[in-house]
Every structure is written in C-alpha cells, then in structure tokens.
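Student: Take this structure first; my questions come after.
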Amino acid sequence: MMELCNRHFLGLSSPLSDRGRARYAVLPIPYEATVSYGKGASRGPAAVIEASIQVEYLDQEVLLDVTAPGIHTADPVAPGDADPRAYIDKVHAAAADLLADGKYLLGLGGEHSITTGLVRAVLDAAGDGPIGVLQVDAHGDLRDSFRGTRWSHGCVMRRLHEDLGLPISSVGIRSFCEEEHRYMRARNIEPITPAMVEDDPDGWIERALAKLPGRIYLTVDIDGFDPGSAPGTGTPEPGGLTWRQVTGLMRAAFERKQVLAADVVEVAPIVGQQVTEFLAARVLCKMIAYREAAAASR
Ligand SMILES: [Mn+2]
35 MMELCNRHFL
45 GLSSPLSDRG
55 RARYAVLPIP
65 YEATVSYGKG
75 ASRGPAAVIE
85 ASIQVEYLDQ
95 EVLLDVTAPG
105 IHTADPVAPG
115 DADPRAYIDK
125 VHAAAADLLA
135 DGKYLLGLGG
145 EHSITTGLVR
155 AVLDAAGDGP
165 IGVLQVDAHG
175 DLRDSFRGTR
185 WSHGCVMRRL
195 HEDLGLPISS
205 VGIRSFCEEE
215 HRYMRARNIE
225 PITPAMVEDD
235 PDGWIERALA
245 KLPGRIYLTV
255 DIDGFDPGSA
265 PGTGTPEPGG
275 LTWRQVTGLM
285 RAAFERKQVL
295 AADVVEVAPI
305 VGQQVTEFLA
315 ARVLCKMIAY
325 REAAAASR
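For the sequence shown, this note's numbering begins at 35 and goes up steadily by one.
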C-alpha cells in the first residue's frame with residue numbers, strides 16, 4: 035500500500051508524484067487580493083488537495099487510472115504581494131518553469147486573476163498559431179478595471195481578450211455589468227448562458243467550441259457550476275451549470291481541440307463541509323482523464 039501524502043494532489047507519493055517522472059503538474063496558487071465579496075480563495079488550493087485524497091483514481095467514465103501518467107504537485111506560488119500584477123508575474127514564472135520541463139500544466143487557484151499569468155506562460159511556450167480560451171464561469175470577467183485595479187478577478191477575461199488578443203468562448207455566464215455588456219456587443223462576444231444550455235441541449239457544446247481555434251486554454255471558475263453543486267466560492271450566482279453539463283463540455287473540448295493547459299479557480303472553502311473542494315478535485319481528475327482518453331483514441 036502506497037503511503038498517502040497530504041501535500042500532494044490525490045495523496046500521491048514517490049514515484050508517481052516525482053517531478054522528473056510525472057507528465058502532469060498541479061500548480062497551487064493560493065492568491066486572494068482582489069476578491070470582492072466572500073473571502074477564502076487563498077485557502078482553496080490546500081483544501082482541494084486535502085479533499086483530493088478521497089477521490090478514486092479510476093475514472094468511471096473513461097475507465098482510466100488518472101494517476102498512471104504521474105502527477106507532480108509543485109510548491110505553491112508564495113502569496114504576499116499586495117500588488118496583483120507582481121503576483122501574476124510570479125505565477126507566470128512558476129508556470130513557465132513547469133512547461134519548460136515538459137509538464138502538462140494544471141493551475142489550482144486562488145482567485146481568477148491568476149489565469150493571466152498561466153496563459154502568458156502557455157503563449158510563450160506554444161509557438162506560433164492561434165490560441166483561444168474556453169471559460170466556464172458565472173461572470174463575464176470583462177471589466178476594464180475593478181475596484182482600482184486592471185488585474186482584478188473581475189477583469190481577467192478582458193486582459194486575455196483585449197490585451198493578449200485571444201478569442202474567447204464563455205459558458206455559464208449569468209452575471210455581468212453594463213460595461214461588460216457593451217464590450218461584448220461591440221466585439222461580437224456572445225456568452226452561452228445556462229438558459230441557452232437548457233434550450234439547446236444538443237447544440238450548445240458545438241456552438242461553444244466553434245468560436246475557438248484548434249488550440250485552446252481551459253479555465254474553469256468554480257462559480258460556473260450551480261451553487262448547489264459548488265457553494266464554496268466567493269460570489270455564488272444562482273442558476274448555474276450542472277456537473278454533467280460542465281464535464282460534457284470538458285470531454286468534448288479534450289476530444290476535439292488541443293487543450294494546451296487548464297486551471298480551476300475560485301474555490302473558497304466553507305468550514306464544516308467539503309462539497310466544493312471535492313468537486314474541484316474531481317474537475318482536475320476529469321481534465322487528466324479526458325486528455326488521456328482522447329490521446330489513447332487518436
Ligand atoms: Mn471568474
């Protein structure tokens with residue numbers, strides 16, 4: 035019986051968790067500076083890793099052991115920067131280090147602002163050719179600035195779309211402000227709302243993926259799920275997506291696109307229950323399971 039390690043995703047220990055051997059790397063990013071409402075995102079990564087120890091290694095859907103390729107859990111990107119820009123630069127450097135080592139990067143936030151650092155590192159490593167971003171989220175995150183900073187979690191998709199010039203496809207969106215609405219209309223960004231998902235059960239995934247080039251980055255804000263499934267998040271919005279809807283989208287994305295890297299963000303643990311962190315751990319496992327299954331069928 036392998037000894038479990040509570041610092042490593044899924045409780046893995048050597049050799050499966052060794053950096054040299056693992057094909058996947060989970061990067062904990064315990065950041066929380068610009069969160070606007072419920073606090074606790076800085077405690078998300080450790081709570082998700084702790085919950086992950088209870089997750090079965092065999093994915094019951096694709097019937098693959100997600101630990102087989104090896105999963106390294108990197109040292110957390112140390113918090114401590116009041117300036118979100120400086121922290122995002124640290125995330126960029128940590129992600130670049132793992133990518134340079136040939137690891138498949140899975141970011142684990144922390145608030146959503148950190149995705150900018152991860153995506154920048156992926157762009158540096160990916161070479162020429164278009165890259166899009168598939169976003170699962172309750173919120174547009176398309177403000178130019180929020181509460182005094184352009185590096186807020188409420189601005190992350192604006193930075194990716196406007197500053198980095200990446201096409202985006204957003205699913206689960208059910209909360210945005212007037213400024214974001216104007217920006218979306220002017221740029222022909224049409225988010226897929228949960229209502230649209232319900233109205234078009236056979237077509238919404240195709241519509242979401244059709245907006246994107248062949249290579250994508252996947253960012254899953256846990257608040258894209260319905261708060262009934264994922265209550266532990268800073269800004270829980272009613273009327274969200276189900277587990278099957280999100281995992282169905284993820285499976286199709288890994289089958290039809292080259293998903294270069296991915297993240298899960300905005301888990302803010304609730305004392306006394308582990309629903310959200312367990313779900314987030316499962317999302318990370320699904321990313322590995324779907325990627326491995328897609329590679330095996332090619
Ligand atoms: Mn978000």
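For every residue, glycine included, the Cβ atom is placed at its ideal position computed from N, Cα and C.
Quick check on PHE333: does DSSP put it in helix, strand or coil?
Tutor: Residue 333 is absent from the structure shown; the chain starts at 35 and stops at 332.
Student: For the region 146-163 against the region 229-246, do three or more pairs of beta-carbon atoms, one drawn from each stretch, fall closer than 8 Å, so that the two count as touching?
Tutor: no
Student: Does the beta-carbon distance from ASP260 to GLY143 come in below 8 Å?
Tutor: Here residue 260 is taken as the residue at index 226 of the sequence shown, counted from 1. Here residue 143 is taken as the residue at index 109 of the sequence shown, counted from 1. No, the pair does not count as a contact, with Cβ atoms beyond the cut-off.
Student: Ignoring anything shorter than 3 residues, give me the beta strand (DSSP E) runs that lie fully in the region 138-166, in order along the chain.
Tutor: 138-143
Student: Cβ of GLU342 within 7 Å of any heavy atom in ligand 1?
Tutor: Within the shown structure, residues of the chain are numbered from 35 to 332, placing residue 342 beyond reach of any answer.
Student: Under the three-state reduction of DSSP, which class applies to MET35: helix, strand or coil?
Tutor: Translated into the one-based positions of the sequence shown, residue 35 becomes position 1. Confidence is the limiting factor: at MET35 the pLDDT is only 44, short of 50, which leaves the residue's position unreliable, though a coordinate-based value still follows. MET35 falls in the coil class under three-state DSSP.
Student: Can you find at least 3 beta carbon pairs, one from the region 303-311 and one from the region 78-86, that sit closer than 8 Å?
Tutor: yes
Student: On a CA-only basis, which of ASN222, GLU326, GLY262, PRO201 is nearest LEU243? Give me that one, please.
Tutor: Here residue 243 corresponds to residue number 209 of the sequence shown, with the count starting at 1. Out of ASN222, GLU326, GLY262, PRO201, PRO201 has the C-alpha closest to the C-alpha of LEU243.
Student: For PRO195, verify whether its CB is less than 7 Å away from any heavy atom of ligand 1.
Tutor: Indexing the sequence shown from 1 puts residue 195 at position 161. Here residue 195 turns out to be His, not Pro, going by the sequence shown. Ligand 1 never approaches HIS195 closely enough for any of its heavy atoms to be under 7 Å from the residue's Cβ.
Student: Say the cut is 7 Å; is the CB of VAL153 nearer than that to a heavy atom of ligand 1?
Tutor: Stepping through the sequence shown from its first residue, residue 153 is reached at position 119. Checking the Cβ of VAL153 against ligand 1 gives no.
Student: Give the DSSP-derived three-state secondary structure of LEU92 in the structure shown.
Tutor: In the sequence shown, residue 92 corresponds to position 58, counting from 1. DSSP places LEU92 in strand when its eight states are reduced to three.
Student: Return yes when the C-beta of GLU205 is under 7 Å from any heavy atom of ligand 1, and no when it is not.
Tutor: Taking the first residue of the sequence shown as 1, we reach residue 205 at position 171. Here residue 205 turns out to be Val, not Glu, going by the sequence shown. VAL205 has its Cβ no nearer than 7 Å to any heavy atom of ligand 1.
Student: Using a threshold of 7 Å, is the CB atom of ASP131 nearer than that to any non-hydrogen atom of ligand 1?
Tutor: Reading the sequence shown from its first residue, position 97 is the one you call residue 131. Checking every heavy atom of ligand 1 against the Cβ of ASP131, none is found closer than 7 Å.
Student: Could you check if VAL280 belongs to the surroundings of ligand 1, using beta carbon to heavy atom distance under 7 Å?
Tutor: Translated into positions along the sequence shown, residue 280 becomes position 246. No, since every heavy atom of ligand 1 falls outside the 7 Å radius drawn around the Cβ of VAL280.
Student: Nearest-angstrom Cα distance between GLY136 and MET284?
Tutor: Within the sequence shown, the letter at position 102 stands for residue 136. Within the sequence shown, the letter at position 250 stands for residue 284. The alpha-carbon atoms of GLY136 and MET284 are separated by roughly 22 Å.
Student: Please determine whether the Cβ atom of VAL190 lies at a distance below 7 Å from any heavy atom of ligand 1.
Tutor: Stepping through the sequence shown from its first residue, residue 190 is reached at position 156. Yes - ligand 1 has a heavy atom lying nearer than 7 Å to the Cβ of VAL190.
Student: Is it buried or exposed, HIS187, if we count other Cβ atoms within 10 angstroms and call 16 or more buried?
Tutor: Residue 187 sits at position 153 when you count from the first residue of the sequence shown. When all chains shown are included, HIS187 counts as buried.
Student: Between GLY166 and LEU97, how many whole angstroms is the CB-CB distance? I'm expecting something under 8 Å.
Tutor: One-based indexing of the sequence shown puts residue 166 at position 132. One-based indexing of the sequence shown puts residue 97 at position 63. Their Cβ separation, rounded to whole angstroms, is 30 Å, which puts GLY166 and LEU97 out of contact at 8 Å.
Student: Can GLY163 and ILE63 be called in contact, C-beta distance under 8 Å?
Tutor: Residue numbering aside, residue 163 sits at position 129 when the sequence shown is read from its first letter. Residue numbering aside, residue 63 sits at position 29 when the sequence shown is read from its first letter. Contact flag unset, no.
Student: Which two residues bound the contiguous beta strand (DSSP E) that contains LEU194?
Tutor: For the purposes of this step, residue 194 is taken as residue 160 along the sequence shown, with counting starting at 1. First-last for LEU194: undefined, no H or E at that position.
Student: Alpha helix (DSSP H) containing THR281: first to last residue?
Tutor: For the purposes of this step, residue 281 is taken as the residue at position 247 of the sequence shown. Here the alpha helix (DSSP H) through THR281 covers 277-290.
Student: Is DSSP giving ASP255 helix, strand or coil here?
Tutor: Reading the sequence shown from its first residue, position 221 is the one you call residue 255. ASP255 falls in the strand class under three-state DSSP.
Student: Answer yes or no: do SER209 and LEU168 have a C-beta to C-beta separation smaller than 8 Å?
Tutor: The residue you call residue 209 lines up with position 175 of the sequence shown. The residue you call residue 168 lines up with position 134 of the sequence shown. In this structure, LEU168 does not lie closer than 8 Å to SER209 by Cβ.
Student: Is ASP171 near ligand 1, with its Cβ less than 7 Å from a heavy atom?
Tutor: Position 137 of the sequence shown, counted from the start, is the residue given in the question as residue 171. True, at least one ligand heavy atom lies under 7 Å from that Cβ.
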